[in-house]
Structure formats: C-alpha cells, structure tokens
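K.L.:
Before we start, here is the structure in question, set down as structure tokens.
In UniProt numbering, the protein residues as written are 1 to 332.
Here it is in structure tokens:
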C-alpha cells in the first residue's frame with residue numbers, strides 16, 4: 001500500500017474502506033504461501049474466530065463526537081463542513097477546548113439521512129425503522145452560541161436569510177419559514193416600525209423590503225434607471241446584461257424586486273441566483289481533477305459546485321461498476 005496522501009476525487013474517495021486490486025492480490029498471495037505451513041494451518045487459519053456482521057448497528061453523529069471529545073462536543077454544521085451527501089466519507093466534531101472543529105471518519109452505521117446509514121463510505125438504505133431523520137434538518141439545530149453569543153432559538157429570525165445560519169439552525173428556521181417567497185423568515189432586520197413603512201432608509205433603500213413582515217408587503221416596483229458604464233438601463237435590461245447573479249446583491253434585490261423574482265430559482269433556495277462570484281477558475285479545476293467541490297467554496301460558487309458534485313457522483317457510480325487495476329492510493 002502507498003504511504004502517500006492524495007487529494008480525494010471520484011476515483012479514490014472510497015479507498016479508506018477497501019483494498020486496491022494490487023493490495024488484494026498481495027494479501028491473497030501471502031495467504032496462499034501460508035497454506036504450505038502446517039503449523040500455521042493447525043493453529044489459526046482453519047479456525048474461524050469471528051463472523052461477518054451484516055445487520056449494522058446505527059450510530060448518531062453527535063454521540064460519536066461526544067465519545068471522542070467529551071459531552072460538550074457535537075457534529076459541526078454550516079457551509080464550511082460539507083453536507084449530508086458527503087457525510088459518510090467525513091464529518092466534523094466540535095473540540096470544546098479549542099472552539100474549533102476537527103475532521104473525523106464516521107463509524108459504519110452512522111445515520112446519514114432519513115432511513116439511511118453509512119456503510120463503507122457510502123450512504124445506503126437502512127433497515128425498517130432505523131435512522132428516522134428529517135432530510136431537511138438531519139442533525140437538528142447546532143447546540144450553543146451561533147452568532148453574537150446567541151443560540152438558534154434566541155438569535156433574531158432575520159439570520160435565517162443567511163445560508164450558513166440556516167444550515168446550523170435548520171430546525172428553528174424551518175419552524176418560522178412562511179410561503180411568502182419575498183418574506184420567508186419575516187423582517188430582514190430588527191427594530192422595524194410601521195411608522196416608516198413606504199419610506200426609504202437613510203441609505204436610499206426601501207424600508208418595506210427590509211421590514212417586509214412589519215409592513216406586510218414588499219417593494220412592488222422596479223427602479224427605472226440603473227447606470228452601468230455610463231449607460232442607463234431598466235432593471236430588466238440591467239439584469240439581462242449582467243446575468244441574474246447580480247441579484248445576489250441585496251442592493252439589486254431592493255432596486256429590482258420584480259425582475260430578481262423572475263430570475264430566482266425557486267427550486268434551489270440556497271442558490272437562488274447562481275454563483276455569487278466568478279467561479280470559472282474553480283469550474284475548470286474541478287473538471288480537470290474530477291474532484292468534489294471544497295466545502296469552503298460552496299457558498300460563493302453554489303451553482304458551479306452543485307454541477308461539479310452531480311457530475312462527480314455520476315462518474316463515481318460508473319466507475320464502481322467497472323473492474324480496473326490501479327496503483328494503490330491512500331487518503332486520509
């Protein structure tokens with residue numbers, strides 16, 4: 001086996017749970033050589049000391065963290081720590097003494113979704129009655145302070161508009177989420193007062209946009225003049241020119257509520273207007289290496305990462321069904 005470390009990609013991501021063809025052959029050859037040793041045969045190789053375990057015990061991720069790092073530990077949530085789709089390859093535990101999170105390898109049987117559990121690095125169907133979880137919030141709210149010393153239950157609901165907070169406090173945010181796509185989690189700032197509804201804030205933004213619940217409506221008209229490189233555009237012209245990704249800016253959402261709503265991907269609330277940054281370099285790197293998107297890039301490059309991870313998942317399934325000989329690769 002190789003003693004080197006390599007970046008995980010679609011070809012090697014499951015290597016920690018299996019031997020390569022080369023290693024398997026070496027082990028088999030060793031066992032065949034031992035068959036000629038009468039002493040070894042009489043003492044151990046013919047006596048089965050264990051048995052295969054097919055009915056895996058289910059394990060909770062938070063319980064694993066507590067067994068490793070103490071009762072104050074828990075499985076870390078948020079943009080920096082991946083999502084449930086990669087949970088069976090690694091997840092992160094909070095280290096209470098350092099207030100940081102450390103990567104760990106999940107135990108076989110770790111619940112990884114509703115009625116699913118980890119087996120050899122993959123999330124597979126669990127037995128009837130095992131791992132009942134909420135797919136939208138599989139780990140529940142993250143314990144302890146989340147933002148400015150506030151917990152999920154005590155922080156202002158407006159924090160649910162940010163993806164990282166919503167991932168950490170998925171249970172709390174889901175309880176207050178409404179069907180009003182323009183005001184899903186209520187007012188977007190604290191201190192809203194009906195006295196100021198219909199007016200603009202001191203920085204020129206619509207008060208109704210930020211205080212959508214208090215004012216019980218949303219800005220109903222697009223701005224008529226937006227300047228770009230010396231040319232005046234309507235909201236429709238401006239967004240079409242620069243692509244819908246400009247609506248990731250709260251300023252543009254405020255100025256062009258109707259147009260931005262038309263460009264919103266309603267099926268993907270975590271990436272409603274695509275990538276927030278120019279992610280072409282990352283896209284090229286992912287296509288070249290076949291790697292999954294690093295968790296730290298998911299927030300700003302949500303569309304690029306989603307497309308890359310979908311491609312990687314498809315490739316992994318295809319590779320798994322094909323027998324090939326490769327050099328040994330070991331990953332952490």
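Idealized CB from N, CA, C, for every residue including glycine.
1) What do you get for residue 110, buried or exposed, if any count of 16 or more other CB atoms within 10 angstroms of its CB means buried?
2) For residue 135, does the count of other Cβ atoms within 10 angstroms reach 16, so buried, or fall short, so exposed?
3) Between residue 331 and residue 90, what straight-line distance do the alpha-carbon atoms span, to the nearest angstrom?
4) Pick from 33, 83, 65: whose alpha carbon is nearest that of residue 270?
5) Relative to the alpha-carbon of residue 222, which residue among 216, 214, 239 has its alpha-carbon at the smallest distance?
6) So, helix, strand or coil for residue 95, using DSSP?
7) Find the nearest neighbour of residue 255 within the set 265, 234, 305, judged by alpha-carbon distance.
8) If you drop the 5 nearest sequence neighbours on each side, which residues of the same chain put their C-beta closer than 6 Å to that of residue 140?
9) Cα separation between residue 166 and residue 130?
10) Compare the C-alpha of residue 203 against each of 175, 250, 194 and name the closest.
11) Smallest Cα separation from residue 198: which of 117, 207, 192?
12) Could you check what DSSP says for residue 237 in three-state terms: helix, strand or coil?
13) Going by DSSP, name the residue or residues bridged to residue 103.
14) Around the Cβ of residue 72, are there at least 16 other Cβ atoms within 10 angstroms (buried) or fewer (exposed)?
15) What first and last residue would you give for the beta strand (DSSP E) that runs through residue 226?
16) Using 8 Å as the threshold, is the C-beta distance between residue 279 and residue 260 below it?
17) Please check the pair residue 158 and residue 147, which I expect to be a contact at CB under 8 Å, by giving their CB distance rounded to whole angstroms.
18) Identify the continuous beta strand (DSSP E) that holds residue 125 and give its terminal residues.
19) Are the CB atoms of residue 266 and residue 300 nearer to each other than 8 Å?
20) Does the Cβ of residue 232 have 16 or more other Cβ atoms within 10 Å, making it buried, or fewer, making it exposed?
21) If you drop the 5 nearest sequence neighbours on each side, which residues of the same chain put their C-beta closer than 6 Å to that of residue 272?
22) I'd like to confirm the pairing. Which residues does DSSP put opposite residue 75 in its beta bridges?
23) Do residue 294 and the ligand FMN come close, with the Cβ less than 7 Å from some heavy atom?
24) Report the option in 75, 227, 178 whose CA atom is closest to the CA atom of residue 168.
25) Please state whether DSSP places residue 200 in a helix, a strand or coil.
26) Should residue 214 be labelled buried (16 or more other beta-carbon atoms within 10 Å of its own) or exposed?
P.N.:
Straight from the coordinates:
1) Locating residue 110 in the chain shown gives position 110, counting from the first residue. Answer is buried; the Cβ neighbour count reaches 16.
2) In the chain shown, counting from the first residue as 1, residue 135 sits at position 135. Classification of residue 135: exposed, given that the 10 Å Cβ count is below 16.
3) On the chain shown, position 331 is the one that residue 331 refers to. On the chain shown, position 90 is the one that residue 90 refers to. Unreliable positioning characterises residue 331 in this predicted model, as indicated by a pLDDT of 31, which lies under 50. The coordinate reading is nonetheless provided below. Cα to Cα, the separation comes out at about 12 Å.
4) Residue numbering aside, residue 270 sits at position 270 when the chain shown is read from its first letter. Ranking 33, 83, 65 by Cα distance to residue 270 puts 83 first.
5) By 1-based counting over the chain shown, the position of residue 222 is 222. Nearest C-alpha to residue 222: 239.
6) Here residue 95 refers to the residue found at position 95 of the chain shown. If DSSP states are grouped into helix, strand and coil, residue 95 belongs with the strands.
7) Numbered from its first residue, the chain shown carries residue 255 at position 255. With distances taken between Cα atoms, residue 255 lies closest to 234.
8) For the purposes of this step, residue 140 is taken as residue 140 along the chain shown, with counting starting at 1. 171, listed in sequence order.
9) Taking the first residue of the chain shown as position 1, residue 166 is located at position 166. Taking the first residue of the chain shown as position 1, residue 130 is located at position 130. Approximately 26 Å, taken between the alpha carbons.
10) The residue you call residue 203 lines up with position 203 of the chain shown. Comparing Cα positions, the closest option is 250.
11) Taking the chain shown and counting its residues from 1, one reaches residue 198 at position 198. Considering only alpha carbons, the answer is 207.
12) The sequence position of residue 237 within the chain shown is 237, counting from 1. Helix, per DSSP.
13) Working through the chain shown from its first residue, we reach residue 103 at position 103. Per DSSP, 92.
14) Numbered from its first residue, the chain shown carries residue 72 at position 72. Burial check for residue 72: the Cβ neighbour count within 10 Å stays below 16, so the residue is exposed.
15) For the purposes of this step, residue 226 is taken as residue 226 along the chain shown, with counting starting at 1. Unbroken beta strand (DSSP E) run through residue 226: 226-228.
16) Here the question's residue 279 lines up with position 279 in the chain shown. Here the question's residue 260 lines up with position 260 in the chain shown. Not a contact, by the Cβ cut-off of 8 Å.
17) Numbered from its first residue, the chain shown carries residue 158 at position 158. Numbered from its first residue, the chain shown carries residue 147 at position 147. Not really, about 11 Å apart at Cβ, beyond 8 Å.
18) Here residue 125 refers to the residue found at position 125 when the chain shown is read from its first residue. Element bounds for residue 125: 122-125.
19) Taking the first residue of the chain shown as 1, we reach residue 266 at position 266. Taking the first residue of the chain shown as 1, we reach residue 300 at position 300. Going by C-beta atoms, residue 266 is not nearer than 8 Å to residue 300.
20) Translated into the one-based positions of the chain shown, residue 232 becomes position 232. That one is exposed.
21) As a working note, residue 272 is residue 272 in the chain shown. Answer for residue 272: 264, 265, listed in chain order.
22) Locating residue 75 in the chain shown gives position 75, where the first residue counts as 1. In DSSP, residue 75 forms a bridge with 93.
23) With respect to the ligand FMN, the structure shown offers nothing to examine, as it has no ligands at all.
24) For this step, residue 168 is matched to residue 168 along the chain shown. Of 75, 227, 178, the residue nearest in Cα terms is 75.
25) As a working note, residue 200 is residue 200 in the chain shown. Three-state result, residue 200: strand.
26) As a first step, residue 214 must be located in the chain shown, where it is residue number 214. Residue burial is scored here from C-beta neighbours: residue 214 has at least 16 other C-beta atoms within 10 angstroms and is therefore classed as buried.
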